[in-house]
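> Protein chains in written order, with the working numbering: chain A, 21 to 132; chain B, 3 to 116.
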């Protein structure tokens with residue numbers, strides 16, 4: 021199975037500042053169709069996960085453009101600019117390149 | 003709007019069975035598969051498998067064979083997850099999610115306790 025390693029496991033951010041979360045894959049996530057199969061999700065406290073980013077760099081519907089993502093075939097970064105209260109929760113990276121889809125351990129974002 | 007609404011929390015004893023539902027609305031049910039995921043308290047997400055809502059074909063992750071069954075009631079736009087012979091390690095929240103993980107149910111907490 022593909023292992024996704026996230027760092028840091030937790031981050032504390034002052035509202036209005038930026039935050040970055042890293043996700044490293046044990047295998048290239050570039051598909052034969054030229055799509056990078058890396059996704060980012062936010063799970064707010066007590067809620068179900070919400071898709072933020074699909075195919076490495078595309079914002080899901082309704083997601084503010086304060087969120088952005090970039091990377092290579094194995095190393096990815098989610099950036100949140102001007103962090104707001106509603107951004108608090110656990111961020112997961114995940115892939116859908118092959119079975120089984122797997123997820124990182126999560127990065128908890130808190131406000132200072 | 004697209005919604006996945008799951009059934010309510012469950013409390014079961016070891017050895018019992020549970021059946022969780024996931025009712026879809028806002029789109030054509032048979033045009034997107036349904037994924038199932040497990041999340042133990044404080045842990046990450048674990049993919050259990052998925053069901054093709056058009057053909058009924060199921061695919062199970064290696065850790066979820068035997069006691070786990072995905073099924074459909076297409077006329078009701080509903081997918082089901084049944085777990086038999088419950089064990090303590092089955093205690094978790096179970097999510098359904100539309101094929102591309104773009105919409106998720108609210109989750110069902112299953113408590114297993116004697």
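We treat Cβ as the ideally placed atom computed from N, Cα and C, and that holds for glycine.
With DSSP as the reference, please indicate the residues paired to residue 22 of chain B in a beta bridge.
The sequence position of residue 22 of chain B within the second chain is 20, counting from 1. For residue 22 of chain B, which the question treats as bridged, DSSP gives the partners B:83.
> CB residue 6 of chain B to CB residue 38 of chain B, shorter than 8 Å?
Here residue 6 of chain B refers to the residue found at position 4 of the second chain. Here residue 38 of chain B refers to the residue found at position 36 of the second chain. It is not a contact, given that the beta carbons lie outside the stated cut-off.
> Give the interface partners of residue 74 of chain B over in chain A, defined as CB-CB distance under 9 Å, in chain order.
Position 72 of the second chain, counted from the first residue, corresponds to residue 74 of chain B. Ordered by position in chain A, no residue passes the 9 Å Cβ test against residue 74 of chain B, which lies about 20 Å from the chain.
> Would you please verify whether the beta carbon of residue 31 of chain B is less than 8 Å from any beta carbon of chain A?
Working through the second chain from its first residue, we reach residue 31 of chain B at position 29. Closer than 8 Å: no.
> Taking just the CA atoms, how far does residue 36 of chain A sit from residue 119 of chain A?
Here residue 119 of chain A refers to the residue found at position 99 when the first chain is read from its first residue. Here residue 36 of chain A refers to the residue found at position 16 when the first chain is read from its first residue. Rounded to whole angstroms, residue 119 of chain A to residue 36 of chain A spans 39 Å at the Cα level.
> Could you check whether residue 41 of chain B and residue 113 of chain B sit closer than 8 Å to each other, using their CB atoms as the reference points?
By one-based count along the second chain, residue 113 of chain B stands at place 111. By one-based count along the second chain, residue 41 of chain B stands at place 39. In this structure, residue 41 of chain B does not lie closer than 8 Å to residue 113 of chain B by Cβ.
> Within 10 angstroms of its Cβ, does residue 90 of chain A collect 16 or more other Cβ (buried), or is it exposed?
Counting from one through the first chain, the residue named residue 90 of chain A turns up at place 70. By the neighbour-count rule (16 or more Cβ atoms within 10 Å), residue 90 of chain A is not buried but exposed.
> Could you work out which residue in A:114, A:46 and A:84 is closest to residue 102 of chain A when comparing CA atoms only?
For the purposes of this step, residue 102 of chain A is taken as residue 82 along the first chain, with counting starting at 1. Checked all of A:114, A:46 and A:84; the closest Cα to residue 102 of chain A is A:84.
> Between residue 110 of chain A and residue 99 of chain A, which are expected to be in contact by the criterion C-beta below 8 Å, what is the C-beta distance as a whole number of angstroms?
To locate residue 110 of chain A, count along the first chain from 1; it is residue 90. To locate residue 99 of chain A, count along the first chain from 1; it is residue 79. Actually they are not in contact, since the Cβ atoms of residue 110 of chain A and residue 99 of chain A sit about 17 Å apart, beyond 8 Å.
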